[in-house]
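Data block below; observations after.
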Amino acid sequence: MSKKHDSDGGGKDAHYAKLRRAHRDAKRARGELPPAPRRPGGKAPAGPLPVSDDEVLLYGLHTVRAAIENPERTLIALKITQNALARLTDGLTLPEALPVEIVRPKDIDDILGTDAIHQGVMLTAKALPVRRLDALQESPLLLVLDQVTDPHNVGAILRSAVAFSAGAVITTMRHSPAESGVLAKSASGALELIPYIQITNLANALDELHRMGFTSIGLDSEGPAPLEGTLKGGKVALVLGAEGKGLRQKTRETVTALARLDMPGPIKSLNVSNASAISLYAARQYLAGSNRS
């Protein structure tokens, strides 16, 4: 083998290795992979250390308080600073069976990483019970996400869904954030207040919702009609896609109708969390009006 061939092959190998690292790092940032192990003498990891499949590490005062108050959440152990304990227990009594360890902020940093804004409190808990679509028969309003990957966006969407009393947020198991500390912190307690249902096949889930009497409306900037004129029926499922690529073709073909948010300004698309809030408001106004008529 010539030296030139060796050199070219080594350059290609390095190039592809760099691409693989970038892909892996991006998946870690989205929470699809556990953080890289800490090197001896190195800095704390950028995200939570791996836990077992049925456990999550929740952090932040509001997030942890909501989890403790949620009767469906199984609590395992609490690590908390003395100052944070005084704030958390202001109006809240901790369960007697919950093990509590007083720690320093750095002790939590060493577990969660220095980027986590934990406010001196970290709760180890079981993941929430799996929810099924057929439990949503009585919910007139649902929100469905088509591969929205950013846990911060999904957390904000969960907050809006709770604010407008949606029955659930439904998303795919792949290319969507799993239940995690980052998602829960971004949701600021909302994860404890609304079912977050992850399904394997979105088109099949939409078909099931149709059989349950839902009208599914996919939001698309090129939709043929405004959302307000597309809403119909007594039960509505709003379907939103990821920023940039929007709804996938199969999703577009499966929803009952496509609609757009009419915006008079020069910008015709919004962050998916903002679009979710506006869509939920419009759907709530429609449902309130249809109930009066």
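Numbering of the sequence shown is given in the UniProt record's numbering, commencing with residue 1 and proceeding in unit increments. The beta-carbon is built from N, C-alpha and C at its ideal position, and this holds for glycine as well.
Can you give me the Cβ contacts of residue i inside the same chain, cut-off strictly under 8 Å, excluding the 5 residues immediately before and after it?
i, result
"Arg131", "Ala168, Pro195, Tyr196 and Ile197"
"Ile199", "Leu133, Ile170, Thr171, Thr172, Met173 and Ala205"
"residue 340", "The structure shown does not extend to residue 340, since the chain spans only 1 to 293, so no value can be given for it."
"Leu270", "Leu261, Met263 and Ile278"
"His210", "Ser216 and Thr256"
Going by DSSP, what residues sit across from residue i in a beta bridge?
i, result
"Gln198", "Thr171"
"Ala205", "DSSP output for Ala205 lists no bridge partner at all."
"Tyr59", "Met122"
"Gly241", "Asp146"
"Lys79", "Glu101 and Met122"
"Gly246", "Ala242"
"Arg260", "Pro226"
"Val236", "Leu141 and Thr215"
Check each candidate in the options and name the one with the smallest Cα separation from residue i.
i, options, result
"Ala187", "Ser279, Tyr59 and Asp54", "Tyr59"
"Val272", "His152, Pro226 and Ser180", "His152"
"Ser216", "Arg104, Val182, Ala237 and Lys250", "Ala237"
"Ala283", "Ser165, Asp90 and Ala97", "Ser165"
"Asn201", "Ala184, Gly181 and Ser176", "Ser176"
"Arg104", "Gly91, Leu136, Ala84 and Gln137", "Ala84"
"Asp207", "Leu158, Leu133, Val148 and Leu231", "Leu133"
"Met212", "Ser139, Pro264, Leu158 and Leu231", "Ser139"
"Ile111", "Pro266, Arg87 and Gly181", "Gly181"
"Ala77", "Asp90, Pro95 and His62", "Pro95"
"Thr230", "Pro264, Tyr286 and Val154", "Tyr286"
"Thr81", "Lys232, Thr74, Lys106 and Val148", "Lys106"
"Ala97", "Val148, Leu75 and Arg260", "Leu75"
"Glu228", "Leu280, Ser269 and Glu243", "Leu280"
Tell me which same chain residues have a C-beta within less than 6 Å of the C-beta of residue i, skipping the five on either side of it?
i, result
"Ala277", "Ser160"
"Asp262", "Pro226"
"Val255", "Ser216, Gly218 and Val239"
"Gly241", "Asp146 and Leu247"
"Ala184", "Leu58, Thr63 and Leu191"
"Val162", "Ala190, Leu193 and Ile194"
"Lys245", "none"
"Leu136", "Gly167 and Ala168"
"Pro99", "Ala77"
"Glu243", "Val272"
"Lys268", "Ser221"
Only counting the same chain, and skipping five residues up and downstream in sequence, which positions put a Cβ closer than 7 Å to that of residue i?
i, result
"Ser290", "Gly234"
"Ala156", "Ser186 and Ser273"
"Asn70", "Glu192"
"Leu258", "Gly218, Asp220, Gly223, Pro224 and Arg252"
"Arg87", "Leu61"
"Glu72", "Leu128 and Pro129"
"Pro266", "none"
"Lys232", "Thr215"
What is the C-beta distance between residue i and residue j, in whole angstroms, given that I count them as a contact (C-beta under 8 Å)?
i, j, result
"Lys79", "Glu101", "5 Å"
"Ile203", "Lys250", "The sequence as given places Ala at residue 203; Ile does not occur at that position. Ala203 to Lys250, Cβ: 5 Å. Contact."
"Glu179", "Ala127", "5 Å"
"Ala66", "Ala125", "Actually they are not in contact, since the Cβ atoms of Ala66 and Ala125 sit about 11 Å apart, beyond 8 Å."
Cβ contact check for the segment 104–124 and the segment 154–171: 3 or more pairs under 8 Å: No, because fewer than three Cβ pairs between the segment 104–124 and the segment 154–171 fall closer than 8 Å, the two stretches do not touch.
Given 8 Å, three or more beta-carbon pairs between the segment 268–288 and the segment 138–152: In short, these stretches touch, since the Cβ pair count reaches three.
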